[in-house]
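J.: Dumping the structure here so I can ask a few things about it.
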Amino acid sequence: MVTCPKTGQVMSEKKRNSFTSQFKAKVAIEAIRGEKTLNEIAKEFGVHPTQVGLWKRELQENAAGLFEVRRGPKSTEPTADPEKLYTEIGRLKVELDWLKKKVGPYL
């Protein structure tokens, strides 16, 4: 135990728990299934029932966002990567200069 220098009250040295996103998802999915009460789930996973309810609500609110992102190859828009375009322009200029040198005497 540690005492507060200003008030003289006794404070505990216990640190806050930080849970991984995988753990939170596991608890929230268990709560959404509805097979157990929030209190039973909280006791099983060692968290407060209010926290279970918050994670459940957060998962329900953000579940639609999981399916909004398109999967597969990304579209190749010419304006998407200017550096790639400048590289292509440079390569084509060098090629054009080389061709002008080689064909120049025959024109």
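When the sequence shown is numbered by my numbering, its final residue is 107 and no position is left out of the sequence of numbers.
The C-beta atom is built at its ideal place from N, Cα and C for all residues, glycine as well.
No experiment lies behind these values; they were computed from the predicted model shown.
1) Out of curiosity, what's the CA-to-CA distance linking Arg33 and Lys14?
2) Just the C-alpha distance for Pro5 and Ser18, rounded to the nearest angstrom, thanks.
3) Put Thr87 into one of helix, strand or coil per three-state DSSP.
4) Which class does Val94 belong to by DSSP, given the choice of helix, strand or coil?
5) Compute the Euclidean distance between the alpha carbons of Gly90 and Val69, then round it to the nearest angstrom.
6) Comparing alpha-carbon positions, which option in Arg16, Glu35, Ala42 lies nearest Val27?
7) Classify Thr50 as helix, strand or coil using the three-state DSSP reduction.
T.: According to the structure data:
1) Their Cα atoms are separated by approximately 33 Å.
2) Those two C-alpha atoms are separated by around 27 Å.
3) Three-state DSSP puts Thr87 in a helix.
4) Three-state DSSP puts Val94 in a helix.
5) Taking the straight line joining both Cα atoms gives about 35 Å.
6) It is Ala42 whose Cα lies nearest to the Cα of Val27.
7) Reduced to three states, the DSSP call for Thr50 is helix.
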